[in-house]
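Participant:
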Amino acid sequence: MHQTLKDVRREQRIFTNRALAAAGLVIASLAVVVVRLTWLQVLHHDEFITESRENRLKLLPIAPTRGLIRDRNGVILAHNLPSFSLEIVPERVPDLDDTLARLARILPIGKEDLARFQRQRKHKRRFDSIPIRTRLSEEEVAAFAVNRHRFPGVEIEAKLLREYPYPEETAHVLGYVGRINEAELKAIDPVNYAGTSHIGKTGIEKSWEEVLHGKVGFEQVEVNARGRVVRVLNRQPPVPGKDLTLFLDIELQRIAMQAFGDHNGAAVAIDPNTGGVLAMVSKPGFDANLFVEGISFKDYKALRSSPDKPLFDRAMRGQYPPGSTVKPFIGLGGLETGVIRFDDTKFCPGYYQLPKQSHKYRDWKRWGHGKVDMDKAITESCDVYYYDLAHTLGIDRLHDWLARFGFGQRTGIDLPGERRGILPSREWKRKARKQVWFPGETLIMGIGQGYFLATPLQLASAVGVIATNGLRIEPRIVASVSAGEGAAARETPIVAHAVPVGDPQHWSDIRMAMNHVIEGRHGTARRLRNPDYRLAGKTGTAQVFTVKQDESYDARKVSKKNRDHALFIAFAPLEAPRIAVAVLVENGGHGGSVAAPIAKAIMDYYLLGKRPAAAGKKP
Amino acid sequence: MSAVRTGRSALPPSDPNKRQGLLAGLHIDLPLLIGLLLLYAVGLAVLYSASDGSWVRVEAQMARIGAALTALFVFAQIPPQRLRRWTPWLYLAVIAMLVAVLVFGHVGKGAQRWLDLGIGRFQPAEFAKTTVPMMMAWYFSRHPLPPGWKDLAIATLLVLVPVLLIAKEPDLGTALLVASAGVFVLFLAGVSWKLILGLGAALAAIAPLAWLFLMRDYQKQRVLTFLDPEQDPLGAGYHIIQSKIAIGSGGLWGKGFLNGTQSHLEFLPERTTDFIFAVIGEELGLAGILALMALFLFVILRGLYIATEAQDSYSRLLAGSLSLVLFVYLFVNTGMVTGLLPVVGVPLPFISFGGTSLLTLSAGLGILMSIHTHRKLLPQ
Chain A
5 MHQTLKDVRR
15 EQRIFTNRAL
25 AAAGLVIASL
35 AVVVVRLTWL
45 QVLHHDEFIT
55 ESRENRLKLL
65 PIAPTRGLIR
75 DRNGVILAHN
85 LPSFSLEIVP
95 ERVPDLDDTL
105 ARLARILPIG
115 KEDLARFQRQ
125 RKHKRRFDSI
135 PIRTRLSEEE
145 VAAFAVNRHR
155 FPGVEIEAKL
165 LREYPYPEET
175 AHVLGYVGRI
185 NEAELKAIDP
195 VNYAGTSHIG
205 KTGIEKSWEE
215 VLHGKVGFEQ
225 VEVNARGRVV
235 RVLNRQPPVP
245 GKDLTLFLDI
255 ELQRIAMQAF
265 GDHNGAAVAI
275 DPNTGGVLAM
285 VSKPGFDANL
295 FVEGISFKDY
305 KALRSSPDKP
315 LFDRAMRGQY
325 PPGSTVKPFI
335 GLGGLETGVI
345 RFDDTKFCPG
355 YYQLPKQSHK
365 YRDWKRWGHG
375 KVDMDKAITE
385 SCDVYYYDLA
395 HTLGIDRLHD
405 WLARFGFGQR
415 TGIDLPGERR
425 GILPSREWKR
435 KARKQVWFPG
445 ETLIMGIGQG
455 YFLATPLQLA
465 SAVGVIATNG
475 LRIEPRIVAS
485 VSAGEGAAAR
495 ETPIVAHAVP
505 VGDPQHWSDI
515 RMAMNHVIEG
525 RHGTARRLRN
535 PDYRLAGKTG
545 TAQVFTVKQD
555 ESYDARKVSK
565 KNRDHALFIA
575 FAPLEAPRIA
585 VAVLVENGGH
595 GGSVAAPIAK
605 AIMDYYLLGK
615 RPAAAGKKP
Chain B
268 MSAVRTGRSA
278 LPPSDPNKRQ
288 GLLAGLHIDL
298 PLLIGLLLLY
308 AVGLAVLYSA
318 SDGSWVRVEA
328 QMARIGAALT
338 ALFVFAQIPP
348 QRLRRWTPWL
358 YLAVIAMLVA
368 VLVFGHVGKG
378 AQRWLDLGIG
388 RFQPAEFAKT
398 TVPMMMAWYF
408 SRHPLPPGWK
418 DLAIATLLVL
428 VPVLLIAKEP
438 DLGTALLVAS
448 AGVFVLFLAG
458 VSWKLILGLG
468 AALAAIAPLA
478 WLFLMRDYQK
488 QRVLTFLDPE
498 QDPLGAGYHI
508 IQSKIAIGSG
518 GLWGKGFLNG
528 TQSHLEFLPE
538 RTTDFIFAVI
548 GEELGLAGIL
558 ALMALFLFVI
568 LRGLYIATEA
578 QDSYSRLLAG
588 SLSLVLFVYL
598 FVNTGMVTGL
608 LPVVGVPLPF
618 ISFGGTSLLT
628 LSAGLGILMS
638 IHTHRKLLPQ
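Structure follows, in structure tokens:
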């Protein structure tokens, strides 16, 4: 049993040896850790200090404030209102569905909100925040704020939201801003738009985007692990967008809009001396504010499917046959090319026939105007006179002459999406229709029908050329640009094209004939005669060619759709014109009775400050 | 203990076992106590920084330190002989609690570790860290050393039963610590070097089997993450990547107390608990860490010294293994925070926020003090 006895000394010796070995192990192991620490803290210190800096420092863009838009009297038409929205950065949210469900318990989140959120999510940039709720009330902001820690990746964004105080009146001219989409993303400067969520989509907001937007600023911030800003280290402020002052008079715009009554149509008023657009109406308008934070599907569907087509800008995208409003231009062409003199007369039996053809081109007056000179042909709008004149001029001269007034071309207005209309020519027909030009087509072009199409904007611009004795000034909507209040305004330049004037008397004769449209005993717009100012004008009626039967089920509407468009062009005062107007009333019937009074209302207010009698409609 | 010795030589004929001074009377070992208090102080300061200047956690930790010091004091009063008598019963009680945990225990974070005794929840596995080496020391103290094959087998069984129970919870970190405590007792008991090497080889052979049959998916994931943290930088690898950035960016002198960006901006996870070492590395740099390591080394070596001075094999083995358990804590924690070892939930002793390990490790130091101050000194 010797082995089982404890040898105390031996045990003590073994233990001391082992304890020493253990101490060695301890020291060696800790030395390994120290070597590791040296590797981390000394040898690779620079890399880790960089990584730690990248962790916490972020360069945040600060979006510039968008420039304001004012009318000619300083009335604000587009501004930025502070608004709170609840925004989500999906990349920062651990479980999006769960987050949305929990959010819905705190704040009312509608189906529309969710649908818009999902839609915008598809078109967003990486780490962009998308609003789930916009225009939060203060109570809603507070309700979220106390729960904020439970929602990583969800933030209340206080930002400036574009607002249009006169939405119906200005929607087509101003356009609207909306969230930047993928296609726009490719076109914009990614640095300058780094902090910007909205961009001009249509109208002035689009064409003047560069000026309105401003220059991005930057902020160097320290963030924590959840991406929240802890403090600001450095800041380079943004340069706000510049303010625009328009030629447009919002009151004039409103009066023009109201003058249409129940009709749809367009009216354009231009100062012929500057090209400044005083009013540009397309009725009906729509509420552009709906588009700013993304329009709901329901609202958009309603706008799209409305038979009145409110989204369609009739003033510069609507192309209509100009009808008899082209007569002064063609008449002037006849005089200037020397194929006719002002006093030369033709006999109007109520129809016109081309030589060796049996087809009768009818006058609007069945029994004819009898002996007609140019004054009477314009005043009473004789078609036969113009069939003959157009025939004499021929399509080539007719086309070239009318082109001088800007027909068939863009006017050059500082708005996007303007249409050219159609000024037919032999070449145009060969290209567009793959056909030769027929002489009969020249005749109906002489009364502004056939292939001939013009926009109301083109008509207003063209009548301004007659008013100014040959100055075609490109219409402009923006009068001046200024860097905020008090800063010097920079005026936009006039771009003028001189139309060659052969004999000034010819121009004066035409202006007088147009005056007789109002002041003549048989003038088609004689109801506009007034003691306050003299004006010159021309009525027109454009046939509506196509009616798609499936567009509407309303019998009354269909029949109304078949009605002619009413047109009227004018300028005033006769002696020194300050305003040129073109009015188009869709399915309005006769120009003199429907379109002319709208032009009169516009001119009355602009020249006299006089509001229409039916002032009860004014808000 | 030079002070005690000089005191002894100053009073030659009197009873050498009559302790001089208040600390000696309270069975307190001054060097260990100073080392421990310094570690507590460092822990509180770093905890204050890691919890971003909030006193809430610091105050809670102070209360726990109070409890830990009480436990230390209580254990220091228990003579090793009495502890030795209690040992088998303590061991059985711990085994019973470990079984109870698996049967009735509370589930938290996917593991069943907690036992609720009405006065509060605790993890029985923590007690195993002290009881297992106690039990082995008790066993070996009754048999001649170095141990024979039979003693070795029984001792291994004594370790394996609690280790497997803990691993089943599952709590791999604690199981590892308990197993290492057992291995240390075997080592200190004088198991031949050949056997130790053989055991190491056997473990290496078992490892793949453990991978296939024993380890849970999340445990496997930890090992994979350790091997290649960059493969999942925002998921499993995030801890270790951020921890390395924190330590590495601290450099030689650190970013300064309270100035760590990784911790204060919350990039570093678990910064008050398992990863508090990274906060020290970031704010105090290599210099601060070396000072802390020196402090730990002092406490561990003091523990080993006490072990060699102990008078019976039970005390020796227990003191030695308690000191080495402290070392394992330190090594595993610093190793995992610096990316040397896979992430297993082992706190930095006396520093990490948390109560259980603080309590058991402090009680362990109390046992060390008891062993040292209850020696029967022979008159010269």
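Same order as they appear, the protein sequences are chains A and B. 5 is the number of the first residue of the first sequence in my numbering; add one for each residue after it. 268 is the number of the first residue of the second sequence in my numbering; add one for each residue after it. Backbone N, C-alpha and C fix where the C-beta goes; we use that ideal spot for every residue, glycine too. Keep in mind that this is a model prediction, so the values were computed, not measured.
Taking the CB atoms as reference points, tell me whether B/A404 and B/P414 lie closer together than 9 angstroms.
Facilitator: Against a cut-off of 9 angstroms, the Cβ pair of B/P414 and B/A404 comes out as no contact.
Participant: I want to know whether the region 370-385 of chain A touches the region 342-349 of chain A - three or more CB-CB distances under 8 angstroms.
Facilitator: They touch, by the three-pair rule.
Participant: In angstroms, rounded to a whole number, what distance separates the CA positions of B/F524 and B/A392?
Facilitator: Between B/F524 and B/A392, the C-alpha separation is close to 35 angstroms.
Participant: Suppose only complete runs of 4+ residues qualify. What are the alpha helix (DSSP H) ranges in the region 209-248 of chain A, listed by chain order?
Facilitator: 213-217, all fully within the region 209-248 of chain A.
Participant: Going along chain A in order, which residues have a C-beta closer than 7 angstroms to the C-beta of B/R583?
Facilitator: Result: F19.
Participant: Give me the Cβ distance between A/G218 and A/V243, rounded to the nearest whole Å; I'm assuming they're in contact under 8 angstroms.
Facilitator: Their Cβ separation, rounded to whole angstroms, is 5 angstroms, which keeps A/G218 and A/V243 in contact under 8 angstroms.
Participant: Cα separation between B/W460 and A/A25?
Facilitator: Taking the straight line joining both Cα atoms gives about 11 angstroms.
Participant: Which of the residues in the region 219-237 of chain A, read from start to end, lie with their CB under 9 angstroms from any CB of chain B?
Facilitator: Listed by position, the residues of the region 219-237 of chain A near chain B (Cβ gap below 9 angstroms) are E226, V227, N228, A229, R230 and V234.
Participant: In angstroms with no decimal places, state the Cα-to-Cα distance between A/I382 and A/G416.
Facilitator: C-alpha separation (whole angstroms): 29 angstroms.
Participant: Mind checking if A/H202 is an interface residue toward chain B, Cβ cutoff 9 angstroms exclusive?
Facilitator: No, A/H202 lies away from the interface with chain B (no Cβ there is under 9 angstroms from its Cβ).
Participant: Can you give me, in chain order, the residues of the region 24-36 of chain A that have a beta carbon less than 9 angstroms from any beta carbon in chain B?
Facilitator: So the list reads L24, A25, A26, A27, L29, V30, I31, S33, L34 and V36, given in the order they occur along the chain.
Participant: Return the Cβ separation of A/P353 and A/A546 in integer angstroms, given the expectation that the two are a contact with Cβ distance under 8 angstroms.
Facilitator: No, A/P353 and A/A546 are not in contact; Cβ-Cβ is about 24 angstroms, not under 8 angstroms.
Participant: Tell me, which residues are paired with A/V281 by DSSP?
Facilitator: DSSP output for A/V281 lists A/I274 as bridge partner(s).
Participant: Does A/S300 have its Cβ less than 9 angstroms from a Cβ in chain B?
Facilitator: So, not an interface residue.
Participant: Comparing C-alpha positions only, which one of A/P98, A/N77 and A/V440 sits nearest to A/S429?
Facilitator: Looking at the Cα atoms, A/V440 is the closest of the given residues.
Participant: How many angstroms separate the CA atom of A/V195 from the CA atom of A/K115?
Facilitator: Rounded to whole angstroms, A/V195 to A/K115 spans 34 angstroms at the Cα level.
Participant: Within the chosen definition, does the region 489-501 of chain A reach the region 294-308 of chain A through at least 3 CB pairs nearer than 8 angstroms?
Facilitator: Too few Cβ pairs lie closer than 8 angstroms, so no.
Participant: Do you know how far the Cα of A/H569 is from the Cα of A/Y355?
Facilitator: So the two alpha carbons sit approximately 22 angstroms from each other.
Participant: Identify the continuous beta strand (DSSP E) that holds A/V357 and give its terminal residues.
Facilitator: The sequence shown places Gln at residue 357 of chain A, rather than the Val named in the question. A/Q357 -> beta strand (DSSP E) spans Y355 to Q357.
Participant: Can the beta-carbon of B/A291 be found closer than 9 angstroms to that of A/S56?
Facilitator: Against a cut-off of 9 angstroms, the Cβ pair of A/S56 and B/A291 comes out as no contact.
Participant: For A/P479, I'd like the list of residues in its chain whose CB is within less than 6 angstroms of its CB, leaving aside the five on either flank, ordered along the chain.
Facilitator: Excluding residues within five positions, the ones whose Cβ falls inside 6 angstroms are I274, G279, V281, T415, I417 and S465.
Participant: Who are the Cβ neighbours of A/P315 in its own chain at under 8 angstroms, not counting the five residues just before and after it?
Facilitator: Per the sequence shown, residue 315 of chain A should be read as Leu rather than Pro. F290, L307 and R308, listed in sequence order.
Participant: From A/V158, A/L104, A/T459 and A/V12, pick the residue whose C-alpha is nearest to that of A/V93; which is it?
Facilitator: Answer by Cα proximity: A/V158.
Participant: Would you say A/H153 reaches chain B, if we count a Cβ-Cβ gap shorter than 9 angstroms as a contact?
Facilitator: No, its Cβ sits nowhere closer than 9 angstroms to a Cβ of chain B.
Participant: Drop a sphere of 10 angstroms on the beta-carbon of A/T54, count the other beta-carbons inside from all chains shown, and report buried for 16 or more, exposed for fewer.
Facilitator: A/T54 is exposed by the Cβ-count criterion.
Participant: Can you look up A/L81 in the DSSP assignment and give me helix, strand or coil?
Facilitator: In the structure shown, A/L81 sits in a strand (DSSP, three-state: E or B).
Participant: Relative to chain A, which residues along the region 322-352 of chain B have a C-beta separation below 8 angstroms, given in chain order?
Facilitator: If the cut-off is 8 angstroms between Cβ atoms, the region 322-352 of chain B has nothing near chain A.
Participant: Residues in its own chain within less than 6 angstroms of A/A574 by CB, not counting five upstream and five downstream?
Facilitator: So the list reads L539, G541, V585 and A603, once near-sequence residues are dropped.
Participant: Does DSSP put A/S556 in a helix, a strand or coil?
Facilitator: Note that A/S556 has pLDDT 42, beneath the 50 cutoff, so the model's placement of it is unreliable and the number below is only indicative. Of the three classes helix, strand and coil, the one that applies to A/S556 here is coil, per DSSP.
Participant: Can you name the start and end residues of the beta strand (DSSP E) that A/R641 belongs to?
Facilitator: This structure does not reach residue 641 of chain A, given that chain A is present from 5 up to 623, and the question cannot be answered.
Participant: Return the first residue and the last residue of the beta strand (DSSP E) that A/G182 is part of.
Facilitator: Taken as a continuous stretch (DSSP letters only), the beta strand (DSSP E) holding A/G182 covers V181 to R183.
Participant: Is any non-hydrogen atom of the ligand SAM found closer than 8 angstroms to the C-beta of A/I160, if you look at the structure I gave you?
Facilitator: By its list of ligands, the structure shown contains no ligand whatsoever, and the ligand SAM lies outside what it can speak to.
Participant: Using a Cβ-Cβ distance under 9 angstroms, would B/A513 count as near chain A?
Facilitator: True, the Cβ-Cβ gap to chain A drops below 9 angstroms.
Participant: On the DSSP bridge list, what partners appear for A/T545?
Facilitator: According to DSSP, A/T545 bridges with A/A570.
Participant: Is A/S362 helix, strand or coil by DSSP?
Facilitator: Three-state DSSP puts A/S362 in coil, outside helix and strand.
Participant: Indicate whether B/S318 and B/F620 have their beta-carbon atoms separated by less than 9 angstroms.
Facilitator: Yes. Within cutoff.
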